[in-house]
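Peer 1: At position 202 of the sequence shown (counting the first as 1) the number is 210 in my numbering, and the numbers step up by one without a gap.
Backbone N, C-alpha and C define an ideal beta-carbon position, used for all residues, glycine too.
This one's a predicted model, so the numbers in the text were calculated from it and none came from an experiment.
Sharing a structure here in structure tokens format.
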Amino acid sequence: MPIADFPGERSWGYDGVLPFAPAAAYGTPDDLKRLVDRAHELGLAVHLDVVFNHFGPDGCYLHAYAPQFFRVGSHTPWGAAIDFDRPDVRAYFIACAVQWLGEYRFDGLRLDAIHAIPSTEFLLDFEREVRSALPADRHIQLVVENDANDSRLLSRFDAQWNDDFHHAVHVMLTGEATTYYGSFADDPIRHLARVMAEGFAFQGEVASFSGEPRGRPSSDLAPTRFVNCLQNHDQIGNRLFGDRLLALADPAAVRVAVALLLLNPQIPLLFMGEEFGSRTPFLYFTDHHEELAQAVREGRAREFAHVDPCGETRLFDPNAAETFNASKPDAGEDGAEWSAFYRRLIALRRDRVVPHLDTCRSIGAVALGSSAVRACWHLSGGTLTLLANFGDEAVGDRPPEGAEIFALGEAERRPDGLLLGARSFRALLS
Numbered sequence: 009m010p011i012a013d014f015p016g017e018r019s020w021g022y023d024g025v026l027p028f029a030p031a032a033a034y035g036t037p038d039d040l041k042r043l044v045d046r047a048h049e050l051g052l053a054v055h056l057d058v059v060f061n062h063f064g065p066d067g068c069y070l071h072a073y074a075p076q077f078f079r080v081g082s083h084t085p086w087g088a089a090i091d092f093d094r095p096d097v098r099a100y101f102i103a104c105a106v107q108w109l110g111e112y113r114f115d116g117l118r119l120d121a122i123h124a125i126p127s128t129e130f131l132l133d134f135e136r137e138v139r140s141a142l143p144a145d146r147h148i149q150l151v152v153e154n155d156a157n158d159s160r161l162l163s164r165f166d167a168q169w170n171d172d173f174h175h176a177v178h179v180m181l182t183g184e185a186t187t188y189y190g191s192f193a194d195d196p197i198r199h200l201a202r203v204m205a206e207g208f209a210f211q212g213e214v215a216s217f218s219g220e221p222r223g224r225p226s227s228d229l230a231p232t233r234f235v236n237c238l239q240n241h242d243q244i245g246n247r248l249f250g251d252r253l254l255a256l257a258d259p260a261a262v263r264v265a266v267a268l269l270l271l272n273p274q275i276p277l278l279f280m281g282e283e284f285g286s287r288t289p290f291l292y293f294t295d296h297h298e299e300l301a302q303a304v305r306e307g308r309a310r311e312f313a314h315v316d317p318c319g320e321t322r323l324f325d326p327n328a329a330e331t332f333n334a335s336k337p338d339a340g341e342d343g344a345e346w347s348a349f350y351r352r353l354i355a356l357r358r359d360r361v362v363p364h365l366d367t368c369r370s371i372g373a374v375a376l377g378s379s380a381v382r383a384c385w386h387l388s389g390g391t392l393t394l395l396a397n398f399g400d401e402a403v404g405d406r407p408p409e410g411a412e413i414f415a416l417g418e419a420e421r422r423p424d425g426l427l428l429g430a431r432s433f434r435a436l437l438s
């Protein structure tokens with residue numbers, strides 16, 4: 009999550025106002041450099057979340073000494089709109105990115121909410137200028153969050169956070185159908201099958217939540233262009249009570265989802281704590297001055313009025329230190345079991361899937377009834393087949409091909425095919 013400096017001691021990071029400065033609440037610039045260096049010593053790449061689509065609501069004084077930085081008469085949910093048509097504004101954000109990648113030696117950036125940046129020209133200039141400003145031997149990755157699912161940008165950027173995977177699986181596991189989940193509630197397993205085969209679930213079709221077309225064709229893109237998750241800060245923290253997935257769904261079904269996440273060739277993302285089965289909430293927290301804090305409280309009360317008519321949002325004051333403390337992940341009694349489960353799957357991915365990602369391509373995916381999916385990919389080492397049944401009833405499929413490399417739950421091989429048991433998963437290589 010972002011670390012640009014912000015007023016106060018607590019923040020998700022999206023209220024940053026000094027994009028070039030590491031947050032003083034976390035330490036010094038040299039502390040950050042040592043952290044990145046130590047990660048590299050351990051063989052870990054480090055990506056940084058950066059916010060270039062807006063500034064935080066408190067502590068930004070660009071309006072006072074550089075009003076031309078903003079577009080007159082144009083506003084966003086975060087305030088005055090940044091004027092990305094100006095060359096000096098573009099140069100500002102390009103220089104910021106180059107600083108993080110060059111001076112601090114981050115290995116990649118995740119660009120927050122680029123759908124809120126109205127200039128595609130700026131985004132393409134940004135990608136080109138940032139890469140050209142760094143030594144040719146630096147391998148950096150530029151990943152975007154783009155709710156518009158504009159696949160054209162993925163010819164230049166390395167990957168995109170794929171909310172479609174999260175939403176389809178979440179609806180399968182929880183049955184939720186409110187807000188944007190409603191766009192997936194008609195047939196979540198069909199949406200998931202398309203995600204597995206082609207990347208995006210919506211490629212120009214109308215999404216019922218917005219009533220507008222969403223996305224562009226993505227079937228020509230490599231699986232590694234898509235970053236999938238079961239949980240992240242937005243999907244947990246923007247819930248009324250900050251519920252993690254294990255607080256909402258059957259743990260056996262969650263295990264099936266984790267196996268699908270970690271063994272399919274698309275890129276998996278884990279949210280802090282899920283690797284040891286944390287059930288503690290992750291809440292929205294801030295450290296604003298009282299006037300702004302009250303505005304945030306009232307804004308969130310309005311946001312959740314449709315699900316919180318009794319005003320229960322007051323249970324969690326975003327500005328209270330207790331809310332921040334309650335959000336720290338903590339393993340439950342089964343934490344060691346979950347950790348071992350994740351470690352096993354990550355090791356299997358490292359050994360059997362990752363070596364073949366450069367040449368991987370989808371062969372297709374199909375829904376099996378209303379609760380299961382079969383997805384296949386061609387790897388340089390053969391064909392990877394994943395079978396996932398999230399439901400509480402067995403599902404039949406054709407005879408499986410290949411040797412089983414991972415199994416979860418019950419399955420019965422029959423002369424005429426495979427009976428995949430409830431809450432079960434199979435991975436095969438042929």
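Can you list the alpha helix (DSSP H) stretches of 4 or more residues lying completely in the segment 125-208, in chain order?
Peer 2: Complete alpha helix (DSSP H) runs here, min 4: 128-141, 171-182, 196-206.
Peer 1: Which residue marks the beginning of the alpha helix (DSSP H) containing residue 98, and which one marks its end?
Peer 2: By one-based count along the sequence shown, residue 98 stands at place 90. Per DSSP, residue 98 belongs to the alpha helix (DSSP H) from 95-110.
Peer 1: Nearest-angstrom Cα distance between residue 347 and residue 75?
Peer 2: Stepping through the sequence shown from its first residue, residue 347 is reached at position 339. Stepping through the sequence shown from its first residue, residue 75 is reached at position 67. Near 51 Å, if we compare the C-alpha coordinates of residue 75 and residue 347.
Peer 1: Once DSSP output is grouped into helix, strand and coil, what is the label at residue 66?
Peer 2: Counting from 1 along the sequence shown, the entry for residue 66 is found at position 58. Reduced to three states, the DSSP call for residue 66 is coil.
Peer 1: Sorted by chain position, which residues of the same chain lie with C-beta nearer than 8 Å to residue 212's C-beta, five sequence neighbours on each side aside?
Peer 2: Numbered from its first residue, the sequence shown carries residue 212 at position 204. Closer than 8 Å at the Cβ level, and outside the excluded window around residue 212, lie 221, 222, 223, 224, 225.
Peer 1: Which stretch, first to last residue, makes up the alpha helix (DSSP H) that contains residue 38?
Peer 2: As a first step, residue 38 is located in the sequence shown; it is residue number 30 there, counting from the start. It spans 37-49 - the alpha helix (DSSP H) in which residue 38 sits, taken as one unbroken run.
Peer 1: Using DSSP's beta-bridge definition, name the partner residues of residue 235.
Peer 2: For this step, residue 235 is matched to residue 227 along the sequence shown. According to DSSP, residue 235 bridges with 169, 275.
Peer 1: Grouping DSSP H, G and I as helix and E and B as strand, with all else coil, what is residue 360?
Peer 2: The residue labelled residue 360 in the question sits at position 352 within the sequence shown. Of the three classes helix, strand and coil, the one that applies to residue 360 here is helix, per DSSP.
Peer 1: Considering only the beta carbon of each residue, do residue 248 and residue 312 sit closer than 8 Å?
Peer 2: Taking the sequence shown and counting its residues from 1, one reaches residue 248 at position 240. Taking the sequence shown and counting its residues from 1, one reaches residue 312 at position 304. Contact flag set, yes.
Peer 1: Answer with buried or exposed for residue 53, where buried requires no fewer than 16 other C-beta atoms within 10 angstroms of its C-beta.
Peer 2: Counting from 1 along the sequence shown, the entry for residue 53 is found at position 45. Exposed, by the Cβ-count rule.
Peer 1: If I'm right that residue 398 touches residue 180 with Cβ under 8 Å, what's the distance once you round it to whole angstroms?
Peer 2: Within the sequence shown, the letter at position 390 stands for residue 398. Within the sequence shown, the letter at position 172 stands for residue 180. At roughly 5 Å, the Cβ-Cβ gap stays under 8 Å, so residue 398 and residue 180 are in contact.
Peer 1: Looking at residue 237 and residue 175, is the spacing between their C-beta atoms short of 8 Å?
Peer 2: By 1-based counting over the sequence shown, the position of residue 175 is 167. By 1-based counting over the sequence shown, the position of residue 237 is 229. Their beta carbons are not under 8 Å apart, which means residue 175 does not touch residue 237 by this criterion.
Peer 1: Going by C-alpha distance, which of 90, 146, 366 is nearest residue 116?
Peer 2: For the purposes of this step, residue 116 is taken as residue 108 along the sequence shown, with counting starting at 1. Minimum Cα distance to residue 116 is reached at 146.
Peer 1: List the whole-angstrom C-beta distance separating residue 241 from residue 293, where the pair is believed to meet the contact cut-off of C-beta under 8 Å.
Peer 2: For this step, residue 241 is matched to residue 233 along the sequence shown. For this step, residue 293 is matched to residue 285 along the sequence shown. Actually they do not touch by this definition, with Cβ atoms about 11 Å apart.
Peer 1: Report all residues from its chain with a CB closer than 8 Å to the CB of residue 21; omit the five preceding and five following residues, and keep chain order.
Peer 2: Your numbering for residue 21 matches position 13 in the sequence shown. So the list reads 9, 10, 11, 12, 14, 31, 57, 59, once near-sequence residues are dropped.
Peer 1: Count the other C-beta atoms from every protein chain shown that fall within 10 angstroms of the C-beta of residue 394, then say buried if there are 16 or more, exposed otherwise.
Peer 2: Here the question's residue 394 lines up with position 386 in the sequence shown. Burial call: buried.
Peer 1: Please state if the CB of residue 281 and the CB of residue 340 are separated by a distance shorter than 8 Å.
Peer 2: Taking the first residue of the sequence shown as position 1, residue 340 is located at position 332. Taking the first residue of the sequence shown as position 1, residue 281 is located at position 273. Their beta carbons are not under 8 Å apart, which means residue 340 does not touch residue 281 by this criterion.
Peer 1: Looking only at DSSP bridge pairs, what is residue 90 linked to?
Peer 2: Looking up residue 90 in the sequence shown gives position 82. DSSP output for residue 90 lists 78 as bridge partner(s).
Peer 1: Residue 344 to residue 169, Cα distance in whole Å?
Peer 2: Taking the first residue of the sequence shown as position 1, residue 344 is located at position 336. Taking the first residue of the sequence shown as position 1, residue 169 is located at position 161. So the alpha carbons of these two residues sit roughly 29 Å apart.
Peer 1: Any contact between the segment 154-170 and the segment 111-125? By contact I mean 3 or more CB pairs, one from each, below 8 Å.
Peer 2: Because the criterion of three Cβ pairs below 8 Å is met, the segment 154-170 and the segment 111-125 touch.
Peer 1: Which word fits residue 387, buried or exposed, when buried means at least 16 other C-beta atoms lie within 10 angstroms of its C-beta?
Peer 2: Sequence index remark: in the sequence shown, residue 387 carries index 379 (1-based). Per the 10 Å Cβ criterion, buried.
Peer 1: Put residue 341 into one of helix, strand or coil per three-state DSSP.
Peer 2: Taking the first residue of the sequence shown as 1, we reach residue 341 at position 333. Looking at residue 341 - three-state DSSP - the assignment turns out to be coil, as it is neither helix nor strand.
Peer 1: Which stretch, first to last residue, makes up the alpha helix (DSSP H) that contains residue 332?
Peer 2: Locating residue 332 in the sequence shown gives position 324, where the first residue counts as 1. Here the alpha helix (DSSP H) through residue 332 covers 329-334.
Peer 1: Closest by CA to residue 381, which one among 195, 324, 358?
Peer 2: Taking the sequence shown and counting its residues from 1, one reaches residue 381 at position 373. Among 195, 324, 358, the Cα nearest to that of residue 381 belongs to 195.
Peer 1: Would you tell me roughly how many angstroms separate the C-alpha atoms of residue 328 and residue 301, rounded to the nearest one?
Peer 2: One-based indexing of the sequence shown puts residue 328 at position 320. One-based indexing of the sequence shown puts residue 301 at position 293. Looking at the two C-alpha atoms, the distance is approximately 9 Å.
Peer 1: Below 6 Å CB to CB, which residues in the same chain sit around residue 191 once its five sequence neighbours on both sides are set aside?
Peer 2: Position 183 of the sequence shown, counting from 1, holds the residue named residue 191. Taken in chain order, the residues that qualify are 215, 216, 217.
Peer 1: Considering only their Cβ atoms, is the gap separating residue 338 from residue 288 smaller than 8 Å?
Peer 2: Mapped onto the sequence shown, residue 288 falls at position 280. Mapped onto the sequence shown, residue 338 falls at position 330. For residue 288 and residue 338, yes; Cβs fall inside 8 Å.
Peer 1: Give the single residue among 234, 235, 233, 187 whose Cα lies nearest to the Cα of residue 219.
Peer 2: On the sequence shown, residue 219 is found 211 positions in, with the first residue counted as 1. Nearest of 234, 235, 233, 187 to residue 219, Cα basis: 187.
Peer 1: Would you tell me roughly how many angstroms separate the C-alpha atoms of residue 201 and residue 111, rounded to the nearest one?
Peer 2: To locate residue 201, count along the sequence shown from 1; it is residue 193. To locate residue 111, count along the sequence shown from 1; it is residue 103. Roughly 42 Å separates the two Cα atoms.
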